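Enquirer:
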Amino acid sequence: MNDRLQSLSDAGVSIWLDDLSRERIETGNLQELVDGSNVVGVTTNPSIFASALAKGEKYEPQVKELKAAGADVDTTVFELTTKDVHDAAVILRPVHDATDGVDGRVSIEVEPGLAKDTDATVAMAQKLWDKVGQPNTLIKIPATVEGLPAIAATIAAGISVNVTLIFSLERYRGVMDAYLYGLEQAEANGHDLSTIHSVASFFVSRVDSEVDGRLPEGHALRGKAALANARLAFEAYEEVFGSDRFKALQAKGARAQRPLWASTGVKDPAYPDTLYVSELVTADTVNTMPEKTLQAFADHGEVAGDTVRGTYDDAREVIAGLEAEGISYDEVVEILEREGLEKFDASWSELLETVSAELDKA
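In structure tokens, the structure reads:
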């Protein structure tokens, strides 16, 4: 094991890889990352699958088989992506078993076009869960307003969920409330609460990208907003999962919904490439990293104790400072959610186009 990554794990941060491809699975690369780089989970999204399928010859045999069976583009995408997630979940199953289900998780997202359709999201979540057929799967559901009841309903059905695309603190509280309500319904439905897991994916780097563009070069608040936002999210997590409401569920086996730091690759080359890892170290969190960020941390990342707990007052000062500069927090997070959905839709379209081209060639 790498000492730097081991230190991160020892600090209570679960390291998940934000990438997946058939190439990684079949060459043994994913197993190598589990064995040697402390990787204990995998996240995917439409962009990741579009990239994997665009350059992945290893998909050709299944594409040909599906074409021969008369599969359309949507069915082909469904079959290709769920196979990758199933196979990755099998690789990570020993981690799942060793951690009592906390880690060893592989995420797959509902179709982005369903993000504003509650019923269709719930139906697709169930379809994905059934198809992958592995208990260490997480179904990703975007944290739109329409997504909140879908999250609750999916949890109530006993399905584990990765809530994605969270930017605002207000929306995050809505996500946690949906999770708790879902657990309460799951108990009423007779589900074993100890088998239901969830993470809440709080996006980090994009906040700095949006805010920094509104600040002059050299301004003291550049590069501060994303960390402040994430740290205040963790404060909210501590409050909600320390509440009597959750403790009543916990007594019946329920698990806390861990914060997951997503979008942790640094987009501004002026910042340290491990910024959103080393500055968000605290127990009971997940950091899902692109391989480039994982390698950077393995090479020169530093763990200097807990960099989240106890920072909340400073974080509030950052947000207040931005407001004083005329930068509206509410406006920033609203823009980021809208753009995030647009990016997912664009990636999904790219994925469909790629698969369509592969079917034409098969």
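If you're matching positions, the sequence shown starts at 790 in the numbering used here and goes up one per residue.
Idealized CB from N, CA, C, for every residue including glycine.
All figures in this text were calculated on a predicted structure; none of them were measured in a lab.
Could you check the C-alpha separation between L869 and E1106 for me, to the nearest Å?
Expert: For this step, residue 869 is matched to residue 80 along the sequence shown. For this step, residue 1106 is matched to residue 317 along the sequence shown. Cα to Cα, the separation comes out at about 47 Å.
Enquirer: Enumerated in chain order, which unbroken segments of the alpha helix (DSSP H) with a length of 4 residues or greater are wholly contained in the region 963-1005?
Expert: Taking only runs of at least 4 residues, the alpha helix (DSSP H) segments lying wholly in the region 963-1005 are 994-1001.
Enquirer: Answer yes or no: do L797 and V1092 have a C-beta to C-beta separation smaller than 8 Å?
Expert: As a working note, residue 797 is residue 8 in the sequence shown. As a working note, residue 1092 is residue 303 in the sequence shown. Yes, Cβ-Cβ distance for L797 and V1092 is below 8 Å.
Enquirer: Please state whether DSSP places M1078 in a helix, a strand or coil.
Expert: Within the sequence shown, the letter at position 289 stands for residue 1078. M1078: strand per DSSP, three-state reduction.
Enquirer: Which residue or residues does DSSP assign as beta-bridge partners of V895?
Expert: Stepping through the sequence shown from its first residue, residue 895 is reached at position 106. Looking at the DSSP assignment, V895 forms a beta bridge with V831, T926.
Enquirer: Can we say the region 825-832 touches the region 870-884, given the rule of at least three CB pairs closer than 8 Å?
Expert: In short, these stretches touch, since the Cβ pair count reaches three.
Enquirer: Got a sec? Which residues, its chain only, sit under 6 Å from D1119 by beta carbon, not counting five neighbours each side?
Expert: Reading the sequence shown from its first residue, position 330 is the one you call residue 1119. Answer for D1119: no residue qualifies.
Enquirer: Measure the C-alpha to C-alpha separation of E935 and D906 and round it to an integer number of angstroms.
Expert: As a first step, residue 935 is located in the sequence shown; it is residue number 146 there, counting from the start. As a first step, residue 906 is located in the sequence shown; it is residue number 117 there, counting from the start. The alpha-carbon atoms of E935 and D906 are separated by roughly 6 Å.
Enquirer: Give a yes or no on whether the C-beta atoms belonging to V988 and L1069 are separated by under 8 Å.
Expert: Here residue 988 is taken as the residue at index 199 of the sequence shown, counted from 1. Here residue 1069 is taken as the residue at index 280 of the sequence shown, counted from 1. Not in contact: V988 and L1069 (Cβ atoms no closer than 8 Å).
Enquirer: Assuming I955 is part of the alpha helix (DSSP H), what are its boundary residues?
Expert: Walking along the sequence shown from the start, residue 955 turns up at place 166. Careful: I955 lies outside any alpha helix (DSSP H), inside the beta strand (DSSP E) at 950-955.
Enquirer: Report the start-end ranges of each alpha helix (DSSP H) in the region 1049-1107 that is 4 residues or longer and not cut off at the edges.
Expert: If we require 4 residues or more, the alpha helix (DSSP H) runs fully inside the region 1049-1107 come out as 1064-1067, 1080-1089.
Enquirer: Terminal residues of the continuous beta strand (DSSP E) containing S803?
Expert: Indexing the sequence shown from 1 puts residue 803 at position 14. 802-806 is the span of the beta strand (DSSP E), which, as asked, contains S803.
Enquirer: Distance check for E1147 and A863, CA to CA, integer angstroms please.
Expert: On the sequence shown, residue 863 is found 74 positions in, with the first residue counted as 1. On the sequence shown, residue 1147 is found 358 positions in, with the first residue counted as 1. The sequence shown places Asp at residue 863, not Ala. One C-alpha to the other measures close to 13 Å.
Enquirer: Return the chain-ordered list of same chain residues with a C-beta closer than 6 Å to the C-beta of T953, the five sequence neighbours on each side being excluded.
Expert: Reading the sequence shown from its first residue, position 164 is the one you call residue 953. Closer than 6 Å at the Cβ level, and outside the excluded window around T953, lie K929, P931, S990.
Enquirer: Quick one: which unbroken beta strand (DSSP E) runs of 3-plus residues sit fully inside the region 846-910? Chain order, please.
Expert: As far as the region 846-910 is concerned, its whole beta strand (DSSP E) runs of at least 3 residues are 894-898.
Enquirer: Using a Cβ-Cβ distance under 8 Å, would E1114 count as near chain D?
Expert: Checking the listed chains, one finds no chain D in this structure; it contains a single protein chain.
Enquirer: What residues in its chain sit with their C-beta under 8 Å from that of K1056, if we drop five residues either side in the sequence?
Expert: Here residue 1056 corresponds to residue number 267 of the sequence shown, with the count starting at 1. Same-chain partners within the cutoff: S994, R995, D997, S998.
Enquirer: Measuring alpha carbon to alpha carbon, tell me which residue in A1025, L1083, D873 is nearest V802.
Expert: Taking the first residue of the sequence shown as 1, we reach residue 802 at position 13. Nearest C-alpha to V802: L1083.
Enquirer: Nearest-angstrom Cα distance between A1014 and D1149?
Expert: As a first step, residue 1014 must be located in the sequence shown, where it is residue number 225. As a first step, residue 1149 must be located in the sequence shown, where it is residue number 360. Cα-Cα distance, rounded: 46 Å.
Enquirer: Let me know the secondary structure DSSP gives R1011 once reduced to three states.
Expert: Taking the first residue of the sequence shown as 1, we reach residue 1011 at position 222. DSSP places R1011 in coil when its eight states are reduced to three.
Enquirer: Please state the DSSP three-state secondary structure of R793.
Expert: For the purposes of this step, residue 793 is identified with residue 4 of the sequence shown, where counting begins at 1. Residue state, collapsed to three classes: helix.
Enquirer: Residues in its own chain within less than 6 Å of Y1026 by CB, not counting five upstream and five downstream?
Expert: Walking along the sequence shown from the start, residue 1026 turns up at place 237. Around Y1026: P1048.
Enquirer: For R1127, count neighbouring C-beta atoms within 10 Å of its own C-beta (all shown protein chains included) and say buried if the count is 16 or more, exposed if not.
Expert: Walking along the sequence shown from the start, residue 1127 turns up at place 338. So R1127 counts as exposed.
Enquirer: When DSSP labels each residue in this structure, what does R1044 get in the three-state scheme?
Expert: As a position in the sequence shown, residue 1044 is number 255, starting the count at 1. R1044: coil per DSSP, three-state reduction.
Enquirer: Hey, would you say A878 sits closer than 8 Å to V895, going by beta carbons?
Expert: Taking the first residue of the sequence shown as position 1, residue 878 is located at position 89. Taking the first residue of the sequence shown as position 1, residue 895 is located at position 106. Cβ distance < 8 Å, so A878 and V895 count as in contact.
Enquirer: Please name the residue, chosen from E854, A860, A904, that lies closest to I955 on a Cα-to-Cα basis.
Expert: Here the question's residue 955 lines up with position 166 in the sequence shown. Checked all of E854, A860, A904; the closest Cα to I955 is A904.
Enquirer: Roughly how many whole angstroms lie between the Cα atoms of V852 and A1151?
Expert: The residue you call residue 852 lines up with position 63 of the sequence shown. The residue you call residue 1151 lines up with position 362 of the sequence shown. Cα-Cα distance, rounded: 7 Å.
Enquirer: Could you say which of I880, A1113, L809, N818 lies nearest to L1004 if we only look at CA atoms?
Expert: Mapped onto the sequence shown, residue 1004 falls at position 215. When only C-alpha atoms are compared, the closest one is A1113.
Enquirer: Buried or exposed: E900, going by 16 or more other Cβ atoms within 10 Å of its Cβ?
Expert: As a working mapping, residue 900 is identified with position 111 in the sequence shown. Answer is buried; the Cβ neighbour count reaches 16.
Enquirer: Could you give the distance in angstroms between the alpha-carbon of A800 and the alpha-carbon of D981?
Expert: As a first step, residue 800 is located in the sequence shown; it is residue number 11 there, counting from the start. As a first step, residue 981 is located in the sequence shown; it is residue number 192 there, counting from the start. If you take the alpha carbons of A800 and D981, they lie about 29 Å apart.
Enquirer: Restricting to Cα atoms, I'd like to know which of N951, D861, V1121, H986 is closest to G1042.
Expert: As a first step, residue 1042 is located in the sequence shown; it is residue number 253 there, counting from the start. Selected option, being the one with the closest Cα: H986.
Enquirer: Are the Cβ atoms of A945 and Q915 separated by less than 8 Å?
Expert: As a position in the sequence shown, residue 945 is number 156, starting the count at 1. As a position in the sequence shown, residue 915 is number 126, starting the count at 1. No.
Enquirer: Less than 8 Å between the CB atoms is what I'm expecting for E841 and L819, so what's the real figure, rounded?
Expert: Within the sequence shown, numbered from 1, the residue matching residue 841 stands at position 52. Within the sequence shown, numbered from 1, the residue matching residue 819 stands at position 30. The question names Glu, but residue 841 is Ala in the sequence shown. Not a contact, Cβ separation roughly 12 Å.
Enquirer: Report back the beta-carbon spacing between L1021 and A1104 to the nearest angstrom; my notes put them in contact at under 8 Å.
Expert: Counting from 1 along the sequence shown, the entry for residue 1021 is found at position 232. Counting from 1 along the sequence shown, the entry for residue 1104 is found at position 315. The Cβ separation is near 5 Å, so the contact holds.
Enquirer: What residue from V891, E1006, R793 has the CA that sits closest to G926's CA?
Expert: As a position in the sequence shown, residue 926 is number 137, starting the count at 1. For the sequence presented, residue 926 should be read as Thr rather than Gly. That would be V891, whose Cα lies nearest to the Cα of T926.
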